[in-house]
Amino acid sequence: MICSLQELGYSESLVPKEYAEGIYYLPDEAVPGEEVYSYLAMDDAIIELDITPNRADALSMRGVAFETGAIYNKKPTFLKKELRESSAKAADKIDVQVTNKEEAPSYQIRLIENVKIQPSPRWLQNRLMNIGIRPINNVVDVTNYILMYYGQPLHAFDYNRLSGQEIVVRRAQDDEKLVTLDGETRALSEQNIAITDGQKPVALAGVMGGLDSEITESTTTVALEAALFDPAAVRHTSQEFHLHSESSTRFEKGINVATIDEACEQACALIAELAGGTVLQGAVKATELQSKDTEVPITLQRMNNYLGTELTVPTVNNIFSALGFGYQENDGNYTVVIPPRRWDIAIEADVVEEVARIYGYNNLPSTLPKGETVAGALTEAQLKTRKVRTLFEAAGLSEAISYALTSEEKTKQFTNASSKLTRLDSPMTAERTVLRLNLVTGLLDDVAYNVARRNEQVALYEIGRVFYQENEQNPKDDLPQENNHVAFAIAGQWKASDWQSKEEYVDFYRAKGILEELFTELNLTDLIIYEKTTQLKEMHPGRSAEVFLNGQSIGFIGQVHPTVTKQYEIPETYVAELDLDTILSTKPEFTYVSVTRYPKVTRDIALIVEEDVVNQTLVQTIEKAAGRFLQTVSLFDVYQGENVTSGYKSMAYRLTFVNPEATLTDEQVNKAMTNVEKALTENLAATIR
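Numbering (my numbering), first residue to last: 4 to 692.
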């Protein structure tokens, strides 16, 4: 019977090109009438593995062999081919450079001369097809075979097609072009690491080679690349161009630094065997990363506490030996030596997980928790935070949760903080590059989201963290300071019209009333001062105030500047943001006053002052001058217009006096009012009406 590989069950994408549209020729020793599967290695055992994200070491046959050996307590053995090198040195024929060592911590090139490109032998083709890789030719197939065997990506260049017989690893230039092996022209940018021949890109580092330097039938000298690239850069390039390959996956997840040289040497030996080439002496290394073991201290008691077991020292020793880990043990205290092939293990918990896996999860006993049961309770700060939430929601606000990551432009808005920025190393979008310094911009985004969906009556609040940074250059050494803030934003109608009243819209006094209710609930009213401010350019200069608590600035309140609301495409909006940590840490002072049995006396006073004089200044002046019998001061009228000079305003106050020990006389009240009038006239240039 004559048939093709497709008819035998192979996918068309795996069939070698020479057999893609024709029959497949079996070897001469094939016996007619026998099953075909043995000649295609289709009767071999194929293991299907689900690899968890942290176990990139198992993305190779060697890694699987080590894992299988640990499970069955067998030590794997690996055969190696002898590498024979010529006397000619590779360094005399090619120069290799890396401009940034962090982008390619390990990079080397080996040269194999006088190769003959042809189809791979049947055994190699069968192995590649059975693991889902299409055979190409003997050189490319060797790189793919080593990839699956060692987990080490390799790339083969046609040495004679490299313009300057040199390799330079650098950042690509904006709009630099590269035709990749799939025939697509790619426009590169500075975000991509390019492999160049000194003049032009010949490969995308860790992702795909270039068409101009691919291995063809005319290739006689191969430049073989073995490297370790920055995982983040490879991931970015792979996602940008939608090029996901076996090589890019391994570079993204990590490779075994200890076997980079060995994998490259074995590939050279195999190419020399299958393609008849000569390997030049030495690898030309631009960078090299020395592999080293990782030491993790742990105790037997700690392992047993984690797992609820009663493992003994001999049992744990056997597990470490099966895993191929070195160890030093002294009275149950271990120093476990992790080989470079297990780069996923770095801390105590990783070691405990390995012990549990090999010991067997099904062997772990079911145990009840130990220790005393402690009744839960909320801290004072948690109780106050709940009170803040309750009050805002009672005022008609809904809680929102905004992104902690924002853009550099937005994080600098609505803040006077001198903090530097905490940047994200690998942001997904330009809108989420830095940690926020304020909550208001997130709330304005929420307002814009609602308004765009025709929900124009918006009242939101948020309690969240802002991040102040002192060390912008190296934030890992100096983590940002996290402060809790509370903010709200209100826009649109506050109250709809009905048969009794007209509609009401949000304004400064509505927003300020929400804060006053908050401070009243927290017993902080007497410690709060509002002062007009123009320091925040995102706020309306005539409708904004800075909020002080015990003389310390804790935030601001006011109308968002019209130019900013236009940028966000939202209506007139009022916002406030306060330092919640400072508010919660302030302990209010309570004053207890007995209920008086004596009558109160009220007097009204009207005055004209400059329009820049704020109510709080007037109230403080009155309270200071009126004496100890003054109980309350309340503003009941403000007027600007006819009969009042431009730039001035008329304000009327009602003063309530009471003596808790006796009935007040007119003489006492008149004296207090005289002192008030004098203070207002002298200190604030007020005119008493």
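Where is the CB? At the ideal position from N, CA and C, for every residue including glycine. In this text the structure is predicted, and so the values were computed from the model without any measurement.
* Asked: Nearest CA to the CA of Glu541: which residue from Val489, Gly561, Val340 and Asp582?
  -> Here the closest residue by C-alpha is Gly561.
* Nearest-angstrom Cα distance between Arg238 and Thr432? -> Going from the Cα of Arg238 to the Cα of Thr432 covers about 14 Å.
* Give every residue of the same chain whose Cβ lies closer than 6 Å to the Cβ of Leu427, excluding the five residues on either side of it in the sequence, and list them in chain order. => In chain order, Thr436 place their CB closer than 6 Å to the CB of Leu427, counting only its own chain and leaving out the 5 sequence neighbours on each side.
* What residues in its chain sit with their C-beta under 7 Å from that of Leu610, if we drop five residues either side in the sequence? -> For Leu610, where only same-chain residues beyond five positions count, the Cβ hits under 7 Å are Met654, Leu683, Ala689, Thr690, Ile691 and Arg692.
* So what's Ala688 in DSSP terms, helix, strand or just coil? -> In the three-state DSSP reduction, Ala688 falls in the coil class, being neither helix nor strand.
* To the nearest angstrom, how far is it from the Cα of Ala451 to the Cα of Val509? -> Roughly 16 Å between the two C-alpha positions.
* Distance, Cα to Cα, Leu246 vs Glu575? -> Taking the straight line joining both Cα atoms gives about 47 Å.
* **Where His543 sits in the DSSP three-state scheme** => Strand at His543.
* For Ser500, which three-state DSSP category applies? -> Look at Ser500 here: in three-state DSSP terms it is coil, with no helix or strand label.
* To do: Just the C-alpha distance for Gly279 and Asp161, rounded to the nearest angstrom, thanks.
  => Between Gly279 and Asp161, the alpha-carbon positions lie close to 16 Å from each other.
* To do: In angstroms with no decimal places, state the Cα-to-Cα distance between Met4 and Pro35.
  => At Met4 the pLDDT is 49, less than 50, meaning the model places this residue with poor confidence; the figure from the coordinates comes in the next sentence. The C-alpha of Met4 lies about 9 Å from the C-alpha of Pro35.
* Asked: So, helix, strand or coil for Pro317, using DSSP?
  -> Three-state result, Pro317: helix.
* Classify Ser241 as helix, strand or coil using the three-state DSSP reduction. => Correct three-state label for Ser241: helix.
* To do: Using alpha carbons as the reference points, say which of Tyr577, Asn308 and Tyr337 lies closest to Thr370.
  => The shortest C-alpha separation from Thr370 is found at Asn308.
* What residue from Phe395, Glu506 and Arg657 has the CA that sits closest to Val489's CA? -> Checked all of Phe395, Glu506 and Arg657; the closest Cα to Val489 is Phe395.
* Grouping DSSP H, G and I as helix and E and B as strand, with all else coil, what is Asn487? -> Reduced to three states, the DSSP call for Asn487 is strand.
* Backbone CA spacing between Lys415 and Leu581 [nearest angstrom] -> Cα to Cα, the separation comes out at about 16 Å.
* Asked: What residue from Ala229, Gly650, Val617 and Val679 has the CA that sits closest to Phe660's CA?
  -> Nearest C-alpha to Phe660: Val679.
* Tell me whether Leu246 sits in a helix, a strand or coil according to DSSP, three-state version. => Correct three-state label for Leu246: coil.
* At least 3 beta-carbon pairs within less than 8 Å: the segment 276-295 vs the segment 83-92 -> Touching, yes, given that three or more Cβ pairs across the two stretches are closer than 8 Å.
* Asked: In whole angstroms, what is the alpha-carbon distance linking Thr382 and Thr388?
  -> Straight-line spacing of the CA atoms in Thr382 and Thr388 works out to 10 Å.
* Nearest-angstrom Cα distance between Asn163 and Leu184? -> If I take the Cα positions, the gap works out to 17 Å.
* Once you ignore the five residues that flank Lys119 on each side, which residues in its own chain have a CB closer than 6 Å to its CB? -> Taking Lys119 as the centre and dropping the five residues before and after it, the same chain places the C-beta of Ala278 and Gly279 closer than 6 Å to its C-beta, in chain order.
* Asked: In chain order, which beta strand (DSSP E) runs of at least 3 residues are fully inside the segment 136-195?
  -> Listed in chain order, the beta strand (DSSP E) runs fully inside the segment 136-195 are 157-161, 169-174, 180-182 and 188-190, counting runs of at least 3 residues.
* Span of the alpha helix (DSSP H) around Met132 -> For Met132, the enclosing alpha helix (DSSP H) covers residues Arg125 to Asn133.
* Neighbourhood of Glu375 by C-beta, 7 Å cutoff - its chain only, sequence neighbours within 5 removed -> Nothing listed; no residue qualifies.
* If we count the other Cβ atoms within 10 Å of its Cβ and call it buried at 16 or more, is Glu402 buried or exposed? -> Looking at its Cβ environment, which holds fewer than 16 other Cβ atoms inside 10 Å, Glu402 is exposed.
* To do: Below 8 Å on the Cβ atoms is my guess for Ser419 versus Leu539; work out the distance and round it to an integer in Å.
  => The amino acid at residue 419 is misidentified as Ser; the sequence shows Asn. So it is a contact: roughly 7 Å between Cβ atoms.
* How about Thr315 and Pro368: are their beta carbons less than 8 Å apart? -> Contact: no.
* Unbroken beta strand (DSSP E) run spanning Gln555, endpoints -> Where Gln555 is concerned, the enclosing beta strand (DSSP E) stretches over Gln555 to Val563.
* In or out: Phe81 buried (at least 16 other Cβ within 10 Å) or exposed? -> Phe81 comes out exposed.
* To do: Starting from Arg65, follow the beta strand (DSSP E) in both directions and report where the run begins and ends.
  => Going by DSSP, Arg65 is part of no beta strand (DSSP E) but of the alpha helix (DSSP H) stretching over Met64 to Tyr75.
* Spell out the partners DSSP gives Leu438 in its beta bridges. => Per DSSP, Leu408.
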